[in-house]
Structure formats: structure tokens, C-alpha cells
Amino acid sequence: QFHMIKYEDLKWDESLGQGSFTRIYRGHKTDIRDGENYTTEVLLKELDAGHKNCWESFFESASLMSQISHKHLLLVYGVSVHGVQNIMVQEFVKYGALDLYLKRGRSVSVSWKLDVAKQLASALNFLEEKHIVHGNICAKNLLLAREGDQSQGISPFIKLSDPGIMVLDRIPWVAPEVLDAPDDLTLECDKWSFGATVWEIFNNGNSPLQGWDLDEKRQFYESFQKLPPSQWAELADLITQCMDYQAALRPSCRSIIRQLNSLITSGNDVRYTELQIIP
Ligand SMILES: N#Cc1ccc(Nc2nc(N)cc(-n3ccc(CO)n3)n2)cc1
1 QFHMIKYEDL
11 KWDESLGQGS
21 FTRIYRGHKT
31 DIRDGENYTT
41 EVLLKELDAG
51 HKNCWESFFE
61 SASLMSQISH
71 KHLLLVYGVS
81 VHGVQNIMVQ
91 EFVKYGALDL
101 YLKRGRSVSV
111 SWKLDVAKQL
121 ASALNFLEEK
131 HIVHGNICAK
141 NLLLAREGDQ
151 SQGISPFIKL
161 SDPGIMVLDR
171 IPWVAPEVLD
181 APDDLTLECD
191 KWSFGATVWE
201 IFNNGNSPLQ
211 GWDLDEKRQF
221 YESFQKLPPS
231 QWAELADLIT
241 QCMDYQAALR
251 PSCRSIIRQL
261 NSLITSGNDV
271 RYTELQIIP
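According to my numbering, the sequence shown is numbered sequentially starting from 1.
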């Protein structure tokens, strides 16, 4: 399902940190095209050799992202296997994971955040049309390719990363119904995660239920609790609709995009009235 890349065509540069079961590095891959040597900057995602049992979800997620192409989906060049080591070779996305970018205290505007939310919604709409479930929508899996520049009217640009390896405590990103039946992930599950991700984006990359232990998180689902609402009623309403405990009641991607569009216009009005000097 995906392109195999020769290990000797890869070069490792600096380490960029590690996720659960994986380590990521900046690197380069060389290709030879019509006798010319080309090097491309890449992100090398190594699967810990110890976690053999994650192989298939590692490769599944690589093949998912290489089956389809969309401007807001991360490009996966292929995988390389070297002995017991498995490496996913991805396009290098300049500013890395969105949660870290927001946590680094970048003050971004409301329209910046809505723009990012809309790009994620359009990526989800594309996946929905292909009946493909991502399964791990969260700010950590949103990569920032362009920071944007408000003064120049340049918007940010995000890429949705591979689902990665399913870790257990993904409450509140994982939809409640998935906890009881982890195997039948549906498109509705991605809507729930979308709601939790928009919550993160509007809370400067902070994780919802930060510091709660697994029991408290399970309790959150068992008592049908909701995340603390945003002051912006229409935004809080959209997040609540997406994080409906009844999967069938969650809005379609088209409805999500429509509601984001009206937030974008009403958002401007709010800013305008704030700026308006009342004579
Ligand atoms: N400082 C810094 C810095 C770090 C990373 C990038 N670039 C990048 N490109 C990708 N394709 C994927 C990722 N990821 C980051 C976390 C994960 C977890 O999955 N992926 N980062 C750019 C700058």
C-alpha cells in the first residue's frame, strides 16, 4: 500500500522529540530522477523496535495517509525497514505540532483559530466523502505548515498527521462509544474528536481534563459531562453538538463548515463593535 524507501537513501539530522512508541527526527531523503540526485527534507518517524505489536497500526496509519492526497492531509513518502527498525518517511512540516505551537504562547487571533478549525473540518469532510475514519483527531496531530500573517492577510495552513498508534487514555478525544467497542470506529467518532480539538485550539493548546486520572476521565463519560464551555456561546454550542453522547446526533461536516463560516463572519462583527468608537 505504500512506497518502500531504501534505508541508505535516508539521512538523520536532529532529534525532534518522541511520542508514545515513536521517536521523530528531521532528516533528508535522496532520490535519483533522470540521473540527477535530489534531496528532500523529511520527517523520520521511528517506531520503537520494542513495540512489535504496534507494527500493523503503524503501517496501517502510514498506508491510510498514502492512499489519499489532499492539501490538508500530511504527505507520507513511504516507509523504510532496516532490521527490526521501522521508519515512516513524511513530508517535513515547518512549524511542527499545533499543540506545542500554541503552548509556546504564540498569541493568535480568533480568526486564526477559526481558520485552522475550518481547514480541519474540510480535511474531515474529504475523509468523510471517502468513508475513511482517521481515528485520532487532536491538536497534537495537527501540523502547522504556515504561521500566517494577520497584517498581510496570510492565513495559517495546517496538515492533519497520521493517526499514529492508538494509546489508551485518549479521553476526551476518543468518542465515548469507542471505549466500549474500540474496533468499530465510525465517521461520527471523528466528529467528537473534532469538537475536543476545537476546544484545545481555543484554549491555547492546553489539553482538556488536564491532570485528571483515568478513573476521573472515565467518570466524565459515565456521567455524560461536557467540557468547560467557551464564553463565545455559538462556539461552545458547536463544540457541544460535535461532542454529543449520541453519535447519530453529531452534525455533518457540511453543517460544521457552515457553522464555522457564520462564526467567522459574526466573529468579525464582534471585533468590529469592540473597535467601534461609540460617539
Ligand atoms: N521545533 C520543531 C519542529 C518539530 C517538528 C516539525 N515538523 C514535523 N513534521 C512532521 N511531518 C511531523 C511532525 N510531528 C511532530 C510531532 C509529531 C507526532 O506525530 N509529528 N513534525 C517542525 C519543527
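Yeah, the Cβ is synthetic: ideal placement off N, Cα and C, and Gly gets one too.
Checklist entry - Among Q219, S266, L227, K45, which residue has its Cα nearest to the Cα of E234? => result The residue you call residue 234 lines up with position 234 of the sequence shown. When Q219, S266, L227, K45 are compared, the shortest CA-CA separation from E234 is found for S266.
Next on the checklist: For M4, count the other beta carbons within 10 Å of its own beta carbon; 16 or more makes it buried, fewer makes it exposed. Which is it?
Outcome noted: Taking the first residue of the sequence shown as 1, we reach residue 4 at position 4. With fewer than 16 other Cβ atoms within 10 Å, it is exposed.
Next on the checklist: Using the Cβ count rule (16 or more neighbours within 10 Å means buried), how would you classify S161?
Outcome noted: Stepping through the sequence shown from its first residue, residue 161 is reached at position 161. Result: buried.
Item to check | Exposure of F224, with buried meaning 16 or more beta-carbon neighbours within 10 Å | outcome: Stepping through the sequence shown from its first residue, residue 224 is reached at position 224. Around the Cβ of F224, a 10 Å sphere holds fewer than 16 other Cβ atoms; the residue is exposed.
Next on the checklist: Please state the DSSP three-state secondary structure of G35.
Outcome noted: Here residue 35 is taken as the residue at index 35 of the sequence shown, counted from 1. The answer is coil: DSSP assigns G35 none of H, G, I, E or B.
Next on the checklist: Could you tell me the alpha carbon to alpha carbon distance between S61 and K140, rounded to whole angstroms?
Outcome noted: Within the sequence shown, residue 61 is the residue found at index 61, counting from 1. Within the sequence shown, residue 140 is the residue found at index 140, counting from 1. Each residue's alpha carbon lies about 15 Å from the other.
Checklist entry - If you check the beta carbons only, do E14 and F92 fall under 8 Å apart? => result Taking the sequence shown and counting its residues from 1, the one referred to as residue 14 is at position 14. Taking the sequence shown and counting its residues from 1, the one referred to as residue 92 is at position 92. No, the Cβ-Cβ distance between E14 and F92 is not below 8 Å.
Checklist entry - Roughly how many whole angstroms lie between the Cα atoms of K103 and G35? => result As a working note, residue 103 is residue 103 in the sequence shown. As a working note, residue 35 is residue 35 in the sequence shown. Distance between the alpha carbons of K103 and G35 is about 45 Å.
Checklist entry - Between the region 76-96 and the region 183-192, are three or more C-beta pairs nearer than 8 Å? => result Taking one beta carbon from each stretch, the region 76-96 and the region 183-192 have fewer than 3 pairs nearer than 8 Å; the two do not touch.
Item to check | Best match in S69, G19, Q67, F2 for proximity to K45 [C-alpha to C-alpha] | outcome: Taking the sequence shown and counting its residues from 1, the one referred to as residue 45 is at position 45. The candidate whose alpha carbon is nearest that of K45 is G19.
Checklist entry - If you pair each beta-carbon of the region 176-190 with each one of the region 242-257, do three or more pairs fall below 8 Å? => result In this structure the region 176-190 touches the region 242-257; the number of beta carbon pairs closer than 8 Å is three or more.
Checklist entry - Given a threshold of 16 other Cβ atoms within 10 Å of its Cβ, counted over all protein chains shown, does H131 qualify as buried or as exposed? => result Along the sequence shown, one-based indexing puts residue 131 at 131. Its Cβ having fewer than 16 others within 10 Å, H131 is exposed.
Item to check | When Y101, P228, C242, K52 are compared against I87, the one with the closest alpha-carbon | outcome: Taking the first residue of the sequence shown as position 1, residue 87 is located at position 87. Of all alpha-carbon atoms in Y101, P228, C242, K52, the one lying nearest the alpha-carbon of I87 is that of K52.
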